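Chains as they are written, first to last, in our numbering: chain L, 1 to 126; chain F, 1001 to 1198. Glycine included, every Cβ here is placed at the ideal spot set by N, Cα and C. Owing to the predicted nature of the structure, the values given are computational and were not obtained by experimental measurement. Since the structure comes first, as structure tokens, the remarks are kept for the end.
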Amino acid sequence: MTLLDSALSLFDYQQDLLGIVVFTLIFAAPLALLCTQCTLLFALLRRTHSRGLRPLARLLHALKTWNMIEVFLISVFVSAAKLASMAQLELGIAFFAFVAFTLCTLISVQLVDTVQLWRRIDRLTT
Amino acid sequence: MKTASSEGLVACVRCTRAWPAPEQHCLLCGKALHPRKPHSLQATWAFLITAVVCYFPANFLPIMHTTRLGQVQDNTILGGVLVLWEYGAYPTALVIFVASVIIPVAKILALVWLSWSAAHSEEVPADRHGLLFNTVELVGSWSMVDVFVVALLVALVRFSGILTIAPGGAALAFCGMVIFTMLAARAFDPRLLWDKAT
């Protein structure tokens, strides 16, 4: 299975609303967060003067609350522990990529300095 | 004591920049400026009550249905913890117990206490209450562990005829409870505590 299946398989059991919420929290929000951060950082490094920086920084602020990828990582370990007694599990290569992705996302979100981010945007857009 | 409001300043809750009070919107990020969030306590109570309403189905309905060789077994959240404990998976049982039983209840109680003291207390120890609020915000999303575990198990366990796991009604209710307590924490304005600081 892939990680995305854990959200999608909820639709097979008519739990559509739950499926949408889980999909948003573990896939859509982290992906959007990654893209937003990359675009913002790149723009700030290149000193791009763009009106789009402010909406992006606002989006980043909203996404930080709803990104739950690190909670999902713990859930992966818990479900592995639950299943270990019943079946033999083999980890795919995506598992290690996922762990690395989660840790990097976690650290990069922690490193964002809100005050400095907005001060830089202010300097670039006025 | 010199404070922002005594100096006629309002801080933006998004980008932290302080502006002179007549300003209606943050000139930097555009968020509406309020000295204190409007109707903060009312919104916090509304979200908290919704969370409490979700709490009951979340704990009494089964969170997943396990079908083993044609026999259906319903598992509640607390039942799942007990099963893990019996199997001797103590660390896992502890993680689930803390994340899905202790944290949600503690979060709701803490927010009830904070909202109550922001409205009715004469004097509030603002530093300790502020710390409590920060902790509530920090642990906000960690209760989702159980919902994600159900989603993962549903996707993983599909040995047709032998063992299948289907999500139960409690999963959505639990998810709702976690999200509504997060919204309640967002609606609460910790600056209300400063107004009553000793």
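Name, going along the chain, the residues of the stretch 86 to 106 of chain L whose beta-carbon falls closer than 9 Å to a beta-carbon of chain F. Taking a C-beta cut-off of 9 Å against chain F, the contacting residues of the stretch 86 to 106 of chain L are 86, 87, 89, listed in chain order.
Cα separation between residue 1053(F) and residue 1107(F)? When rounded, the distance between both Cα atoms is 15 Å.
Give me whichever residues DSSP pairs with residue 1144(F) in a beta bridge. DSSP output for residue 1144(F) lists no bridge partner at all.
If you reduce the DSSP assignment to three classes, tell me which class residue 979(F) lands in. The shown model of chain F, from 1001 to 1198, leaves out residue 979(F), and the question about it has no answer.
Measuring only between beta-carbons, confirm whether residue 1136(F) sits less than 8 Å from chain L. no
Going by beta carbon distance, what residues of the same chain come within less than 7 Å of residue 89(L), once the five residues before and after it are set aside? Hits under 7 Å: 80, 83.
For residue 1014(F), decide whether its Cβ has a neighbour in chain L, counting only Cβ atoms nearer than 8 Å. By this cut-off, residue 1014(F) is an interface position.
Between residue 120(L) and residue 10(L), how many whole angstroms is the CB-CB distance? I'm expecting something under 8 Å. So it is not a contact: roughly 41 Å between Cβ atoms.
Member of 116(L), 53(L), 41(L), 109(L) whose CA lies at the smallest distance from the CA of residue 63(L): 109(L)
Using CA atoms only, rank isn't needed, just tell me which of 1070(F), 1071(F), 1061(F), 1162(F) is closest to residue 1080(F). 1061(F)
Against chain F: residues of the stretch 3 to 22 of chain L by CB proximity under 7 Å: Those would be 5, 6, 7, 9, 10, 13, 15, 17, 18, 21, 22, in chain order.
Whole-angstrom Cβ separation of residue 1050(F) and residue 1148(F), contact assumed at under 8 Å? Actually they do not touch by this definition, with Cβ atoms about 22 Å apart.
Here's a check: name, in chain order, each residue in its chain whose Cβ is nearer than 8 Å to the Cβ of residue 61(L), leaving out the five neighbours to either side. 114
Identify the contact partners of residue 57(L) in chain F, using a Cβ-Cβ distance below 8 Å as the criterion. 1015, 1029
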